[in-house]
Amino acid sequence: MKELFLVGAEQKADVMKDWEQFKKGVILKFNLQTKTSKKVIEYTSPKDVCADHEASISFTAATLKGNRLYVGTTTEVLVYDVSNFTPIQYMSLPFMNDIHHVSPMKNGNLLVANTGLDMVVELNGSGRVERLWNVLGRAPWHRFDPEVDYRKVATTKPHQSHPNYVFEIEDEIWVTRCLQKDAVCLTSPEKHIDIGRQLVHDGIAYKNHIYFTQVDGRVVIVNRNTLKVERIVDLVQISAHKEKIGWCRGIKPLSEDIILVGFTRIRPSSKRNQDGNIEYKGDFGVLPTRLACFNIKKNILLWEKNLENAGMNAIYSIN
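See the structure below:
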């Protein structure tokens, strides 16, 4: 493997609310040998599928299969041919809100983590809904109205679960639930991976394990047969940075010993004041958004590369 695709977004100039902060989706091609990045795709969603005021536009976690990159924006699903970086498929449906991940299934359909509605959706090739799951095991529409165009709704927060990554193990469909700090099987609900401690992203199946990230800089490695945590890797300790390490999200194992991990410069945080108003503060005095390579057998940081120089302020996935 010589090249990777890094998927994320360019940030607006001002410190914005979480659901307003990005101006465009960005995909970088990263050369593993030279450690250099090149912007190959940038994208702005059409206004008719965005909130009317300060819409946040970004690419979110993608899946690469062959020459096709399956990627979401907040309200859309796109498929790119990465041999020439042209879009070859497009879907946007009224229930799409805060999409966090898109993944092709073994049966040819698409799985979509529709985070804003706490749902996972299975779509066929023409964009028709085949199945819907509420990730808490409830009726899919118990909190939401199927007649509403949620693409025009700026945010549905607070979410009850915040599902952010979908994956298959054998013939089973799984989803990572950020707020529950776990992953659950949607097709066999009795199966569950308890991660705990901190907010969870990803769910990358590699050989005999599943790799999860936690936002404060940990990698949790789960045995895919027993569904038990085998190891927690503390990237904060390994990195030994004096500054805040950043928002940890996006992982790709290159081998059982070598992993790539994405870090995003810490985004605005919110604080509710005594008068009830919410105050947003940017915390940007930290390391830049970057790609980092670790040897987790020797527990050393091998290298890091700044992605902000290439126009990426947030990274969602490494493909």
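The sequence shown finishes on residue 319 if you use this note's numbering, and the numbering steps up by one all the way, no holes.
Beta carbons are placed, not taken as given, at the ideal position from N, Cα and C, and that holds for glycine.
In this text the structure is predicted, and so the values were computed from the model without any measurement.
By the 10 Å Cβ neighbour count, where 16 or more other Cβ atoms means buried, how is R265 classified, buried or exposed?
Residue mapping note: residue 265 aligns to position 265 of the sequence shown, counting from 1. R265 should be labelled buried.
Among F30, V7 and S92, which has the Cα closest to the Cα of K24?
Working through the sequence shown from its first residue, we reach residue 24 at position 24. Of the candidates F30, V7 and S92, the one whose C-alpha sits nearest the C-alpha of K24 is V7.
Provide the residue(s) that pair with H101 in DSSP beta bridges, ordered along the chain.
As a working mapping, residue 101 is identified with position 101 in the sequence shown. Beta-bridge pairing links H101 to A61 and A113.
Since T44 and N97 are thought to touch, with beta carbons under 8 Å apart, how far apart are those beta carbons, to the nearest angstrom?
Indexing the sequence shown from 1 puts residue 44 at position 44. Indexing the sequence shown from 1 puts residue 97 at position 97. Contact flag wrong, Cβ pair sits at about 18 Å.
At which residues does the alpha helix (DSSP H) containing Q237 begin and terminate?
Taking the sequence shown and counting its residues from 1, one reaches residue 237 at position 237. Here the alpha helix (DSSP H) through Q237 covers L235 to S239.
Between the Cα of K244 and the Cα atoms of K297, P288 and N223, which residue gives the shortest distance?
Along the sequence shown, read from residue 1 onward, the residue named residue 244 stands at position 244. Here the closest residue by C-alpha is P288.
Which of the three DSSP states is assigned to D149 in this structure?
Locating residue 149 in the sequence shown gives position 149, where the first residue counts as 1. Coil.
I'd like the ranges of any beta strand (DSSP E) spanning at least 3 consecutive residues and lying wholly in the segment 110–196.
Counting whole runs of 3 or more residues, the segment 110–196 contains the beta strand (DSSP E) stretches 110–114, 119–123, 129–134, 163–169, 172–177, 182–185 and 192–194.
Starting from E308, trace the beta strand (DSSP E) in both directions and tell me its first and last residue.
If you number the sequence shown from 1, residue 308 lands on position 308. Unbroken run through E308: none, as it is neither H nor E.
Count the other C-beta atoms from every protein chain shown that fall within 10 angstroms of the C-beta of R218, then say buried if there are 16 or more, exposed otherwise.
Sequence index remark: in the sequence shown, residue 218 carries index 218 (1-based). Buried, by the Cβ-count rule.
Determine the contact status of V77 and L117, defining contact as a CB-CB distance below 8 Å.
As a working note, residue 77 is residue 77 in the sequence shown. As a working note, residue 117 is residue 117 in the sequence shown. No, the Cβ-Cβ distance between V77 and L117 is not below 8 Å.
Would you report the Cα separation of I173 and D275, rounded to the nearest angstrom?
What you label residue 173 is simply residue 173 of the sequence shown in a count that begins at 1. What you label residue 275 is simply residue 275 of the sequence shown in a count that begins at 1. Straight-line Cα distance between these residues: approximately 44 Å.
Per DSSP, M91 is paired with what?
Counting from 1 along the sequence shown, the entry for residue 91 is found at position 91. According to DSSP, which records beta bridges pairwise, M91 is partnered with V77.
Are the segment 222–230 and the segment 289–299 touching, with three or more C-beta to C-beta distances below 8 Å?
Segments in contact, no.
Within the continuous beta strand (DSSP E) that includes S317, where are the two ends?
As a first step, residue 317 must be located in the sequence shown, where it is residue number 317. Residues A314 to I318.
Excluding five sequence neighbours on each side, which residues of the same chain lie with their C-beta closer than 8 Å to the C-beta of F22?
By 1-based counting over the sequence shown, the position of residue 22 is 22. Cβ within range, chain order: A9, E10, Q11, K12, S56, I57, S58, N313 and A314.
Determine which residues share a DSSP beta bridge with N303 and list them.
Taking the first residue of the sequence shown as 1, we reach residue 303 at position 303. Correcting the residue identity first, residue 303 is Trp in this sequence and not Asn. Looking at the DSSP assignment, W303 forms a beta bridge with C293.
Per DSSP, G72 forms a beta bridge with which residues?
The sequence position of residue 72 within the sequence shown is 72, counting from 1. G72 is bridged to V77.
Alpha carbon to alpha carbon, what distance is there between S37 and I169?
For the purposes of this step, residue 169 is taken as residue 169 along the sequence shown, with counting starting at 1. For the purposes of this step, residue 37 is taken as residue 37 along the sequence shown, with counting starting at 1. Roughly 32 Å separates the two Cα atoms.
For V49, name the three-state secondary structure that DSSP assigns.
As a position in the sequence shown, residue 49 is number 49, starting the count at 1. DSSP places V49 in helix when its eight states are reduced to three.
Just the C-alpha distance for Y206 and V220, rounded to the nearest angstrom, thanks.
Numbered from 1 along the sequence shown, position 206 holds the residue referred to as residue 206. Numbered from 1 along the sequence shown, position 220 holds the residue referred to as residue 220. Those two C-alpha atoms are separated by around 13 Å.
So what does DSSP say about P288, is it helix, strand or coil?
Position 288 of the sequence shown holds residue 288. In the structure shown, P288 sits in coil (DSSP, three-state: anything other than H, G, I, E or B).
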